[in-house]
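Below you'll find the structure, written out as C-alpha cells, and then a few comments.
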Amino acid sequence: IANIYLLIIDWEEFMKLGEDVPDEQLNAVIDSLRPNECCTLIYTSGTTGNPKGVMLSHDNITWTAHVGCTILKAKGGEEILVSYLPLSHVAAQMIDIWVCMGFAGTIYFAEPDALKGSLVNTLKEVRPTCFLGVPRVWEKIEEKMKAVGTAAGMLDEHVTCLQNQVPWGFMLANNLVFKKVRAALGLDRCRICCTGAAPITKDTLDYFMSLNIPLKELYGMSESSGPHTISIDEYRVTSCGKVMIGCKIKLVNLDADGNGEICFWGRNIFMGYLNMPDKTAEALDEDGWLHTGDLGRYDEQDFLYITGRIKELIITAGGENIPPVPIEDAVKSELPIISNAMLIGDKLKFLSMLLTLKCVVDDNGEPTDELNQEALEFCRQHSVKATKVSEIIANKEPAIYSAIQAGIERVNARSTSNAQKIQKWVIVEQDFSVTGGELGPTMKLRRPIVVKMYQEKINEMYAVAAGKQ
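When the letters of the sequence shown are read in order and numbered with the working numbering, they come out as residues 12 to 480.
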C-alpha cells in the first residue's frame with residue numbers, strides 16, 4: 012500500500028492522452044469487439060458463500076443501460092447523479108457509469124467516507140436529480156432525522172407523526188415542511204429516489220413517504236446486469252414493482268401461499284460464472300432462465316414481492332422452513348434501540364437471535380461504544396441513565412432487557428407457529444459494520460461470517476437451554 016500513488020489530472024490533460032493514439036488503432040479495437048463477448052467481471056458479495064465472478068457481455072451492458080435510460084425518462088445532458096458505492100458493485104457500475112453515460116449526465120463522486128457519514132453533505136452540495144440509496148443509507152438518514160426531531164422537539168410533532176396518517180392540507184404541508192426537509196437532505200430537485208441492492212423495511216418506506224419522498228424499489232442482481240424489476244411508473248409500498256420491458260419473470264415450485272423461486276429471462280442475463288461451469292449450470296437452466304434463489308409472490312395486479320431467500324431459509328431440527336428477514340424486521344420495528352438483528356436456528360431445536368444496539372459511528376465507519384440519540388431516547392423512556400453499549404451489557408440493565416424481551420414477545424405473538432418464535436437472544440458488544448466484516452459493501456448481512464464470528468455466543472444460548480431441560 013505504501014508504494015501506491017494517485018495521479019490526479021484535469022479533464023483537458025486527460026483528453027490529451029488520446030492524441031497520440033491513431034484512429035486506426037482505436038477503430039481496430041472497436042471492430043474486434045463482439046456483443047456476446049465478456050465486457051466486465053462483477054464479483055458477488057459473498058453473503059451466502061464464496062464470491063463468484065459474474066461475466067457480463069457487451070450486449071448485457073448496452074441493452075440494460077438503454078432500457079434504464081428509457082425507464083428513468085432521463086433528459087439528455089440535464090441529469091445529475093452522485094456516485095458513492097464501490098464501482099465493483101453492479102448497481103454502481105450500471106447506474107453511475109453506463110446509464111449516466113447513456114443520457115450524458117453529470118456524475119459527482121462522493122468522498123471515500125460517504126457511507127461513514129459524509130454522504131448527506133455531498134447530496135446537499137450536489138443536489139442530484141436522481142438518487143439510488145441502499146437501504147442502510149435511507150435508514151441512517153431516517154435515524155438522523157428522528158434524532159434531530161427529538162432534540163428540537165419539532166419534527167417528532169409535525170413530521171414523524173405523519174407516518175400513520177394522510178396529512179390534511181397536503182399542499183400546505185408540502186410547501187411549509189416537506190420542501191424544507193428535502194432541501195436539508197439535498198433532495199429538493201431529485202425527481203426519483205430509489206432503493207435497492209438489499210431488503211428495506213416497511214417502516215423506513217413509510218417514514219420517507221410521510222415526508223413526500225417515495226422510495227421506488229429496484230430488484231435484480233449481478234447476474235441480471237443490475238435491475239430486472241422496477242417500481243418507478245407503477246408503485247406499491249414493499250413491492251419491488253413489475254418486470255422491466257423486454258424481460259420476463261416466472262415463479263417455480265410454488266407453495267400453498269403462492270410463494271415460489273423467482274426466475275429471470277432477458278438480454279440482461281449474464282454469460283456465466285468465470286471458470287465455474289458447475290455453478291453456472293446451477294444458476295442457468297437449459298432454456299436460459301436464471302434461478303435467482305430468491306422467493307417471491309405476486310399480488311392480484313402482478314406486483315412482485317420478495318418473501319425470502321432460499322439459501323437464507325432457516326430449516327429447524329423439526330423440519331420447519333423459516334424465512335429470517337420478516338422476523339428480524341419485526342424485531343427492529345418493535346424496538347427502536349436495536350440496530351441489527353440476526354435470526355439463528357438452522358438445524359437447531361429452536362430459534363434464537365443476535366442483537367446489536369444503535370450506537371455512534373466514528374469517522375472511519377467503526378461503531379463506537381456510545382449509544383446514539385435514538386438509543387439514548389429509548390433508555391430515557393425506560394428511566395435508564397446508561398450512555399454506553401458496554402454499560403447496558405455489563406449490568407444486564409433490567410429495564411432495557413425487560414423492554415427487549417417484551418418487544419420480542421410481541422413479535423412472537425404474531426407468529427404463525429411455535430417454531431417461528433424466538434426463544435433466546437443475546438446482545439453482542441459491537442454493532443455490525445462493513446469494516447468489521449459482518450456487512451457486505453451494500454450493507455447486506457453476511458450471515459455465514461456472522462455465525463462464525465459469534466459461534467461461541469450462539470453455543471452458549473443453546474447450551475443454557477439444554478441445561479434447563
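Don't be surprised by glycine CBs; every beta carbon is placed ideally from N, CA and C.
Taking DSSP as the reference, what is the three-state secondary structure of Cys201?
Three-state DSSP puts Cys201 in coil, outside helix and strand.
Distance check for Lys190 and Val170, CA to CA, integer angstroms please.
Low per-residue confidence applies at Val170: pLDDT is 48, beneath 50, and the placement is therefore not dependable enough to give any value.
Nearest to Val461 by alpha carbon, out of Glu471, Ser444, Met472?
Comparing Cα positions, the closest option is Ser444.
Helix, strand or coil for Asp21? Go by DSSP, reduced to three states.
In the structure shown, Asp21 sits in coil (DSSP, three-state: anything other than H, G, I, E or B).
From the DSSP output, in three-state form, read off Ser129 for me.
Of the three classes helix, strand and coil, the one that applies to Ser129 here is coil, per DSSP.
Compute the Euclidean distance between the alpha carbons of Ile349 and Lys369, then round it to the nearest angstrom.
The straight-line gap from Cα to Cα measures roughly 6 Å.
Under 8 Å by Cβ, that's how I've got Ala76 and Trp22 pegged, so tell me the actual separation to the nearest angstrom.
Going by Cβ atoms, the distance from Ala76 to Trp22 rounds to 22 Å, so no, they are not a contact pair.
Who are the Cβ neighbours of Leu18 in its own chain at under 8 Å, not counting the five residues just before and after it?
Here the set comprises nothing.
Give the DSSP-derived three-state secondary structure of Asp380 in the structure shown.
Three-state result, Asp380: strand.
Taking only three categories from DSSP, how would you classify Leu362?
Note: Leu362 maps to strand in three-state DSSP.
In the DSSP assignment, what residue or residues form a beta bridge with Asp305?
In DSSP, Asp305 forms a bridge with Arg320.
Tell me, which residues are paired with Phe443 by DSSP?
In DSSP, Phe443 forms no bridge with anything.
Does the Cβ-Cβ distance between Asp143 and Leu198 come in under 8 Å?
Reading off the sequence shown, one finds Leu at residue 143, where the question assumed Asp. Cβ atoms of Leu143 and Leu198: not closer than 8 Å.
Throw me the rounded Cβ distance for the Tyr119 and Val137 pair, which I believe falls under 8 Å.
Right, their Cβ atoms sit about 5 Å apart.
Could you name the residues that DSSP lists as bridge partners for Tyr412?
Paired residue(s): none; Tyr412 is not in a bridge.
Determine the direct distance from the alpha carbon of Val248 to that of Thr215, and round the result to whole angstroms.
Looking at the two C-alpha atoms, the distance is approximately 10 Å.
As an exercise, report each continuous alpha helix (DSSP H) stretch of at least 4 residues that is fully enclosed by the segment 45-85, in chain order.
If we require 4 residues or more, the alpha helix (DSSP H) runs fully inside the segment 45-85 come out as 69-83.
Name the residue from Glu331, Leu262, Glu234 whose alpha carbon lies nearest to the alpha carbon of Leu295.
Comparing Cα-Cα distances from Leu295 to each of Glu331, Leu262, Glu234, the minimum goes to Glu234.
Look up Ile325 in the DSSP assignment and give the residues it is bridged to.
DSSP, once it has assigned bridges, lists Ile333 as partnering Ile325.
Rounded to a whole number of angstroms, what is the C-alpha to C-alpha distance between Lys360 and Tyr95?
The alpha-carbon atoms of Lys360 and Tyr95 are separated by roughly 42 Å.
Kindly give me the distance between the Cβ atoms of Ile433 and Leu362, rounded to whole angstroms, as I take these residues to be in contact under 8 Å.
Between Leu362 and Ile433 the Cβ distance is about 5 Å, and since that is below 8 Å, they are a contact.
In its own chain, which residues sit with a C-beta less than 6 Å from the C-beta of Met220, not counting the 5 before and 5 after it?
Within the same chain, Met220 has no close Cβ partners at all.
Between the C-alpha atoms of Asp305 and Lys290, what's the straight-line distance to the nearest angstrom?
Their backbone Cα atoms lie some 16 Å apart in a straight line.
Going by alpha carbons, who is nearest to Leu285 out of Pro409, Met66, Glu24?
Among Pro409, Met66, Glu24, the Cα nearest to that of Leu285 is on Met66.
Determine, for Met464, whether the minimum Cβ-Cβ distance to residues of chain E falls below 8 Å.
Here chain E cannot be found, since the structure has a single protein chain.
For Lys261, which residues does DSSP report across the bridge?
Paired residues: Cys274.
Could you give the first and the last residue of the continuous beta strand (DSSP E) run that contains Gln434?
Gln434 -> beta strand (DSSP E) spans 433-438.
For Ile411, count neighbouring Cβ atoms within 10 angstroms of its own Cβ and tell me buried if that reaches 16, exposed if not.
With 16 or more Cβ atoms within 10 Å of its Cβ, Ile411 is classed as buried.
Roughly how many angstroms lie between the CA atoms of Glu24 and Val32, to the nearest whole one?
Looking at the two C-alpha atoms, the distance is approximately 14 Å.
Go through its chain and collect everything with a Cβ distance to Ala397's Cβ below 8 Å, but skip five positions before and after it.
Around Ala397: Leu382, Cys390, Ile403, Asn406, Glu408, Ile411.
Give a yes or no on whether the C-beta atoms belonging to Val342 and Gly418 are separated by under 8 Å.
Result yes, Cβ atoms of Val342 and Gly418 sit closer than 8 Å.
Just verifying my parser: in three-state terms, what is the DSSP assignment at Ser99?
In the structure shown, Ser99 sits in coil (DSSP, three-state: anything other than H, G, I, E or B).
Ignore the nearest five residues each way along the sequence and tell me which others in Gly329's own chain have a CB closer than 8 Å to its CB.
Lys360, Ala430.
Suppose you measure from the CA of His69 to the CA of Thr51; what does that come to, to the nearest Å?
Roughly 8 Å separates the two Cα atoms.
Determine the extent of the beta strand (DSSP E) in which Glu402 is found, giving its start and end residues.
Looking at the DSSP string, Glu402 is not in any beta strand (DSSP E); the run it does join, the alpha helix (DSSP H), is 400-405.
By a C-beta neighbour count over all protein chains shown, 10 Å radius and 16 as the cutoff for buried, is Gln104 buried or exposed?
Its Cβ being crowded by 16 or more others within 10 Å, Gln104 is buried.
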